[in-house]
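For reference, the structure is listed below as structure tokens.
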Amino acid sequence: MRPEDVDAAERLTALAYGADRTDDRRRRWCDRIRHLLTTDPGGCWVADDGGDGAADAAGPGASGEAGSINGVAVALRRDLLWVLSTYAVHPDHQSRGIGTALLGAAIDYGAGCLRGLVTSRPDPQALRRYRRAGFTLHPTMRLTGVVDRASLPAVDGVRVGTAADLDLVDSVDRRVRGATHRPDHAFVMAHSTLLVCDLFTASGYAFLADWGVTRLAATNRAVAQRLLWAALARTAPGSPADVRNLTSDQEWAIDVGLAAGLRLDQDAYLALRHMRPPAPYVPSSAFG
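The sequence shown begins at 1 in UniProt numbering and counts up one residue at a time.
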């Protein structure tokens with residue numbers, strides 16, 4: 001994949017996911033892929049028909065401009081953790097081996113990694129490929145809705161974080177999921193609000209976007225609940241909140257969400273290889 005492929009890849013994923021992205025969400029998606037092209041060029045792949053209808057995988061330094069892009073896979077490596085950030089095949093080109101080839105190229109980029117993580121959509125073909133690749137599939141839940149402001153408790157010990165707190169973020173990440181997000185800090189800080197809680201007994205952090213919590217990690221459940229309550233309190237009154245990728249290991253989050261008046265639904269899957277669901281942890285769909 002090359003930078004000039006990013007806009008076409010965005011359109012393809014929006015079509016494949018049935019996503020109606022706002023202009024801001026579209027720009028943010030493209031900015032994220034350009035960021036990963038810089039940090040993980042070997043993990044960024046597109047499938048191109050070469051102008052003759054025959055799909056070929058195009059990796060680092062290769063462009064899909066000769067024909068149309070029919071598929072995309074973007075993976076990243078953080079320490080010894082491999083994460084699949086984006087994966088889609090054009091609906092009109094499925095069941096032709098494109099998805100298998102793309103996933104194989106993305107997984108090969110993770111050679112030497114001890115663990116793997118994918119926040120997966122409930123797509124039967126993708127789930128079949130993940131399972132064949134050795135991933136364990138954990139069903140996930142989602143909290144959505146408008147926060148009941150009357151339910152919000154007083155929360156102390158949580159504050160807005162700055163770049164000076166990123167060492168704390170790294171420390172929590174190493175303990176909870178065994179790998180940091182260090183190469184992604186600048187990008188995430190530019191698009192999110194960081195909350196931190198640093199107590200004598202435990203610590204944690206949460207990243208918030210306009211639509212909800214994008215990532216949360218803590219060294220114990222009590223701090224995780226503090227952070228989630230503080231995050232929900234920062235949502236605009238009357239605006240919907242969204243917390244995704246919750247496995248059954250994250251009951252601490254489910255309890256907070258239900259107490260805050262949010263709705264709990266089935267969501268998708270967290271696919272993991274050689275690891276249990278990190279907890280307490282709300283993984284990022286984009287960065288694991």
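For every residue, glycine included, the Cβ atom is placed at its ideal position computed from N, Cα and C.
Quick caveat: nothing in here was measured; it's all calculated off a predicted structure.
Span of the alpha helix (DSSP H) holding Gln266? Unbroken run through Gln266 is the beta strand (DSSP E), Arg263 to Arg273; no alpha helix (DSSP H).
Is Gly112 near the ligand NAD - that is, is its Cβ less than 7 Å away from at least one heavy atom of it? The model depicted lacks the ligand NAD and carries no ligand whatsoever.
Check whether the Cβ atoms of Pro139 and Gln266 sit closer than 8 Å, and answer yes or no. yes
Ala154 - containing alpha helix (DSSP H), residue span: For Ala154, there is no enclosing alpha helix (DSSP H), as DSSP marks it with neither H nor E.
Please state whether DSSP places Phe207 in a helix, a strand or coil. strand
Three-state secondary structure (DSSP) of Leu15: helix
According to DSSP, simplified to helix, strand and coil, what is Thr201? coil
Terminal residues of the continuous alpha helix (DSSP H) containing Val172? Leu166 to Arg177
Give me, in chain order, the residues of the same chain whose beta-carbon lies closer than 7 Å to that of Leu12; leave out the 5 immediate sequence neighbours on both sides. Ile69, Val72, Ala88 and His90
Would you mind sorting His274 into buried or exposed? The rule is 16 or more other CB atoms within 10 Å of its CB. exposed
Just to confirm the assignment, what range does the alpha helix (DSSP H) spanning Pro183 have? That residue, Pro183, is in no alpha helix (DSSP H); it is neither H nor E in DSSP.
Compute the Euclidean distance between the alpha carbons of Thr100 and Ala47, then round it to the nearest angstrom. 11 Å
Nonlocal neighbours in the same chain, by C-beta distance under 6 Å from Ala202, ignoring five residues either side: Thr219, Asn220 and Val223.
Taking the alpha helix (DSSP H) that Cys30 belongs to, which residues open and close that run? Asp23 to Thr39
Report yes or no: do the segment 74-84 and the segment 108-120 share at least 3 C-beta pairs separated by less than 8 Å? yes
What three-state label does DSSP hand His191 in the structure shown? helix
Just the C-alpha distance for Phe287 and Asp20, rounded to the nearest angstrom, thanks. 21 Å
Output the distance between the C-alpha atoms of Leu227 and Trp29, rounded to the nearest integer angstrom. 26 Å
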